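The letter at position 11 of the first sequence is residue 227 when you use our numbering, and the numbering goes up by one with no holes. Even for Gly, the Cβ is constructed at its ideal location relative to N, Cα and C. Quantities reported herein were computed from a predicted structural model and do not represent experimental measurements. Working notes, structure below.
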Amino acid sequence: MENIQLSEPHPSLTIYNTLTKQKEPFRTVQPGKVGVYLCGPTVYDKAHIGHMVGPVIFDCIKRYLTYSGYEVTWVVNITDVDDKLINKANERGISMLEVAEENIADYNFNLAALGVDQIDHFPRATDCMGDIIALVQSLVDEQYAYEAEGDVFFDVTKDGDYGKLSNRTVEGTHGDGGGAAARKRNAADFALWKSAKPGEPSWDSPWGKGRPGWHIECSAMSKKLLGETFDIHGGGLDLVFPHHENEIAQSECCHDKPFAVYWAHNGLLRRDAAAGKIGGRAERDASEPGASAPSEPGVSAPSEPGASAPGEEAVSGKMSRSKGAGGLAELIERQGGERIRFFLLRTHYRSTVLFSEPAIEEAATGLETFYRLFKRYTRVGGGDFYALTAPTTRGASSLTVGNDPALDAAETARTKFLAAMDDDFNTGGAIGELFELAKIANKYCDDHKLEGGAGDAGSVATFELLLTTIKELANTLGLFLQAPAETGGAASDELLAAAMEVVMTLRAEARIAKNFATADAIRDGLKPLGIVIEDRPTGAEWTGGGPDAVDGVMQLLIQIRADARAAKDFATGDAVRDRLKEIGVTLEDRAGGTEWVKA
RNA sequence: GGCGCCGUAGCCAAGUGGCUAAGGCAUCGGAUUGCAAAUCCGACAUCCCCGGUUCGAAUCCGGGCGGCGCCUCCA
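Have a look at this one:
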């Protein structure tokens, strides 16, 4: 096989290569340019969260490489021809294309919500038939593949390197050959082209009507968009064999050149320690009868907290089959994309991640630290964190070392952040440094009493520099690019109702106490928000109020509390705060006023 | 059976030969606050077990135990 001359290594960046099973200095096929190919989804169903791991980490990889001065082209393929798509189309009485379109739309929505916007090309198998057929033909011509009754198979015995990625031998792959076994020369041979059964979608080819095998599309698309040898090929760890092994076999036999230089595989998501990967066999087979009768009501019965509820377990397997495959859009609706992205990036991309919604919420608690700091920045200087201009390329630090201990500390954290990212994109370690920077900024703000307009211009500028550094680094992770979307309409309606209940209770109490000034102030205060109060013999009722009214109601409550506190009526003031807490809203008193936060 | 990965505090998680083992969540002290919230300061780890290599090991090697993946569609 022809040897490829790679560029000089990057001075500090290393990347783990599944092919060599070690971290390697980063070199490129073409100086300054990087071609990245990530195996995307087979769009026969809605995406689940496991489908987002690769896109999120590769989105970071592209951002970080770009930041490091490379020109990156990133391709994610869409498999829109496949048995499962055909089956789904038949079940639902619609075309394969319609199934694909629906799920591609879902996939794109999910990517956008998680901030994955760096993908340059989104090739679909059905748009690349000419390239696929040409590649298969070339393999047949070179005797690496053979035709059998309209099918075309790759002959693994013709590839001396077969198995090098997944570290196996042709003998070691003891598959049964699948349904097409009879036509294969060797059980490990795999289909490049599948003949069409009656009624199936098909394309004309030199071997008759048919469609491509799964693996060949990636070889064809990567060649078309990135060339015969490109830099980084990614995908889930579960794709190493047979998918990526077969891609290598096809492409390297066809071109007599290395296919991809680095193979980067992300770890898989699991529901809990004892479960398989999300969307994995255990979940798919959950409808099998006699699936599981967990835990004998036995002697030792350790009674672990989570180990109980076997009945629920048995049901949840089934649920995940019908609901679990989809549900990502709903999860995003509940949690918000940035929290999910943050959750995924806390762990190194090659690790297994135990996914659960409480785990996302725990991670999100940490995210709030940053959001609060950004609000604090606004209070200090009136600026918007998201509008700050931060460096987009990796250069000398803008932190002027030596002027202030805070800047020195920030410079140290920045250096550690970059070192972590240089070390095989260690986003978890990098995020730790982001927290360090947040602490430095908060402390600086405390020490220099910047809130309440007491800070001198120089201190405010230093504070801003600290925030700019957070933005510079976080943006390479695709975090804090824009303010997180507000909670959805339904959620804000609920919040409005809950807040109004607090208001109405307060007002009723004021009226009982003959404190009509307060009661009337509440009613007058609500009017501009479009909320009308009517006192009836059975009690007061309220109507109106749109999504924008929530903040107004909160402001009113904050005002009521402020008035009560000014009048030393701490009972009322505390009652407001405590009742809001019951509906998940916390009040935060600061130099510049009180703010409300929905948990 | 074959090929791999993993086991760090109550939980999550960096670190993979050498300063006090990052960081987050939770908890407990302190500063601050009318009381809170937020913020800051502080507390909180015999690095799964046993052996070996080494001046020195969470980190390397060997052996256990436990968990997971792939070998069949999969991110």
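Neighbourhood of residue i by C-beta, 7 Å cutoff - its chain only, sequence neighbours within 5 removed
i           : result
residue 242 : 225, 226, 229, 230, 231
residue 263 : 257, 322, 323, 326, 544
residue 676 : 596, 597, 666
Residue interval of the beta strand (DSSP E) (run including residue i)
i           : result
residue 369 : 367-370
residue 362 : 361-364
residue 805 : 801-806
residue 406 : 406-411
residue 757 : 755-760
DSSP three-state assignment for residue i, whether helix, strand or coil
i           : result
residue 494 : coil
residue 781 : helix
residue 587 : helix
residue 446 : strand
residue 241 : strand
residue 749 : strand
residue 235 : coil
residue 698 : coil
residue 230 : strand
residue 379 : coil
residue 403 : coil
residue 426 : strand
residue 677 : helix
residue 332 : coil
residue 672 : coil
residue 385 : coil
residue 476 : strand
residue 605 : coil
residue 258 : strand
Anticipated Cβ contact below 8 Å, residue i with residue j, distance rounded
i           : j           : result
residue 667 : residue 557 : Rounded, the Cβ-Cβ distance is 30 Å, inconsistent with contact.
residue 656 : residue 622 : 5 Å
residue 274 : residue 450 : 6 Å
residue 566 : residue 483 : 5 Å
residue 687 : residue 604 : 5 Å
residue 793 : residue 803 : 5 Å
residue 338 : residue 277 : So it is not a contact: roughly 17 Å between Cβ atoms.
residue 235 : residue 272 : Actually they do not touch by this definition, with Cβ atoms about 23 Å apart.
Strand pairing of residue i, partner residues [DSSP]
i           : result
residue 290 : 252
residue 814 : 801
residue 809 : 806
residue 452 : 482
residue 337 : 291
residue 684 : DSSP, once it has assigned bridges, lists no residue as partnering residue 684.
residue 373 : Residue 373 is not bridged to any residue.
residue 246 : 249
Opening and closing residue of the alpha helix (DSSP H) in which residue i lies
i           : result
residue 430 : 430-442
residue 789 : 786-798
residue 465 : 461-471
residue 572 : Taken as a continuous stretch (DSSP letters only), residue 572 belongs to no alpha helix (DSSP H), as it is neither H nor E.
residue 323 : 312-329
residue 484 : No alpha helix (DSSP H) holds residue 484; DSSP gives it neither H nor E.
residue 219 : Taken as a continuous stretch (DSSP letters only), residue 219 belongs to no alpha helix (DSSP H), as it is neither H nor E.
residue 631 : 621-638
residue 650 : 643-663
residue 349 : 345-357
residue 272 : 269-283
residue 741 : 732-742
Neighbourhood of residue i by C-beta distance below 6 Å, restricted to the same chain and skipping five residues each side
i           : result
residue 260 : 300, 301, 304
residue 602 : 698, 699
residue 475 : 464, 467, 468
residue 506 : Because the pLDDT of residue 506 is 37, which lies under 50, any placement of that residue in the model is unreliable, and the question is left without a value.
residue 799 : 714
residue 408 : 352, 361, 368, 370, 429, 432
residue 354 : 470
residue 554 : 700
Distance cut-off 7 Å: residue i Cβ against heavy atoms of the ligand HEM
i           : result
residue 372 : Although the ligand HEM was asked about, the structure shown includes no ligands whatsoever.
Chain-order list of residues whose beta-carbon lies under 8 Å from that of residue i (same chain, five-residue window excluded)
i           : result
residue 362 : 356, 368, 369, 371, 401
residue 727 : 735
residue 514 : Any reading at residue 514 needs caution, since the residue's pLDDT is 30, under 50, leaving its predicted position unreliable; the model's value is listed next. Contacts found: none.
residue 639 : 230, 239, 645
residue 814 : 703, 711, 800, 801
residue 732 : 726
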